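For the sequence shown, the numbering used here assigns the number 1 to the initial residue and increments by one for each residue that follows. Built from N, CA and C at the ideal position, the CB exists for glycine as well. Remember, it's a predicted structure, so these values are computed and weren't measured experimentally. Since the structure comes first, as structure tokens, the remarks are kept for the end.
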Amino acid sequence: MSTLADSLRGRRFGLVLSAGYFGFFGHAGVVAALEAAGLAPAAWAGTSAGALVAAMGASGMNAGAIAELMGTVKREDFWDPAPLSLVWNTLRGRGATGLLRGERFRALLERHLPVRDIESCRAPLVIVTSDVTSASPRVHVRGPLAAAVHASCAYPGLFQTVDDEASQLWDGGLVDKAPLVALAERASDLDALLVTYLPSDTKAAATSRPRRHGYVGGLAQGLAAVRHEHYVLQAKLCEARGLPVYELSPTLTPLGPTRLHLGPRALDEARTFVTCALDGSAEAMRPYKRAS
1 MSTLADSLRG
11 RRFGLVLSAG
21 YFGFFGHAGV
31 VAALEAAGLA
41 PAAWAGTSAG
51 ALVAAMGASG
61 MNAGAIAELM
71 GTVKREDFWD
81 PAPLSLVWNT
91 LRGRGATGLL
101 RGERFRALLE
111 RHLPVRDIES
121 CRAPLVIVTS
131 DVTSASPRVH
141 VRGPLAAAVH
151 ASCAYPGLFQ
161 TVDDEASQLW
171 DGGLVDKAPL
181 VALAERASDL
191 DALLVTYLPS
201 DTKAAATSRP
211 RRHGYVGGLA
221 QGLAAVRHEH
231 YVLQAKLCEA
241 RGLPVYELSP
251 TLTPLGPTRL
261 HLGPRALDEA
271 RTFVTCALDG
281 SAEAMRPYKR
291 AS
């Protein structure tokens, strides 16, 4: 049996880190497991929480540095609510687009990311955002790194949209949960893709119990279904083009702005999951491989 580690070792593989609400601790655990196994991605891609960790990895931060930074971030480091009047307009669906201005988050990124521009990263990097002005995905392969990460992480309702010239940019997870094709086109010499696909509803995944949804929750579930099917189509397309797609989908402790103290637990859960997966069958990690 060829293990997943065997299938990746000595090959140029791209690491794709999906969107997932406050999933950056989990992605940090994935990077830690790969580094411990001596596996270094040749290219990186990410959306939302995945964009943050992909940016760190592609710009040269090792797993220890990423985990250390994650462990020091506190809610007040990024919590900068807009004036109450704007918050009220956000809740009414008028004017403002989120609770947080995002200025503290941008400053945090600019302080800690090792490089200023995407093209200065040590490895090719793809970040996806949602251009709500043109109603289309935006693929970032050059330009200011902190700005792209900020926009891709701007979770709807929590963060306000990020202005980019005449466009408003929002969370990339709205339009591309795991940008497989974007990375395959950016780094055409890759031998394989490894994707960490985090569930959209972490609480439901953790409990495995059916939940009834209200209006907002129902819309969110519908969007999650569309995003998942979009991801599946991308994975099947890459496989059809001869680019193997290996999928890791750990179930992690749910996190959020008030649960950051549980981040190290999620990081350890992801690291343990991936360490075990690397010793498992590679073919079992290819759910979208074409039948021969």
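How would you call residue i, buried or exposed, if buried means at least 16 neighbouring beta carbons within 10 angstroms?
i	result
A225	exposed
V232	exposed
D6	exposed
R111	exposed
W79	exposed
Y155	buried
Y215	exposed
S152	buried
H140	buried
E247	buried
G57	buried
C276	exposed
R138	buried
S18	buried
A299	Outside the shown range of the chain (1 to 292) lies residue 299, about which nothing can therefore be said.
D163	exposed
Please name the residue or residues paired with residue i in a DSSP beta bridge.
i	result
Q168	D163
E247	V195
L47	Inspection of the sequence shows that residue 47 is occupied by Thr rather than by Leu. In DSSP, T47 forms a bridge with V128.
L15	W44 and L194
G157	G98
H140	I127
D117	P144
S152	Paired residues: none, contrary to the question.
P81	L100
S281	T3
Nearest-angstrom Cα distance between residue i and residue j?
i	j	result
P254	G10	34 angstroms
A206	T258	Confidence at A206 is low in this model, with a pLDDT of 48, below 50, so the placement of that residue should be treated as unreliable; the coordinate-derived value is given next. Cα to Cα, A206 sits roughly 18 angstroms from T258.
A82	G172	22 angstroms
T308	M1	Examination of residue 308 is not possible in this model, given that the chain is present from 1 through 292 alone.
A166	G256	31 angstroms
L39	R75	32 angstroms
A295	G23	There is simply no residue 295 to check, as the chain begins at 1 and stops at 292 in what is shown.
D279	T97	45 angstroms
L243	V195	13 angstroms
V128	S281	31 angstroms
R142	D189	19 angstroms
A28	G218	30 angstroms
A266	G26	5 angstroms
F273	Q160	34 angstroms
T251	L198	7 angstroms
V181	D191	14 angstroms
G157	A123	32 angstroms
L169	D131	5 angstroms
D77	C121	25 angstroms
E103	H150	9 angstroms
R116	L108	13 angstroms
R271	H230	27 angstroms
L100	T3	44 angstroms
E297	R186	Residue 297 cannot be examined here, being either before or after the span of the chain that is shown, 1 to 292.
Report the three-state DSSP secondary structure of residue i (helix, strand or coil).
i	result
L125	strand
H261	helix
F25	helix
G71	helix
S188	coil
D213	Residue 213 is actually His in this sequence, not Asp. DSSP places H213 in coil when its eight states are reduced to three.
T3	strand
K177	coil
A37	coil
L255	coil
A206	Summary for A206: the model assigns pLDDT 48, below 50, so the residue's position carries little reliability; its value from the coordinates is reported in the next sentence. DSSP places A206 in helix when its eight states are reduced to three.
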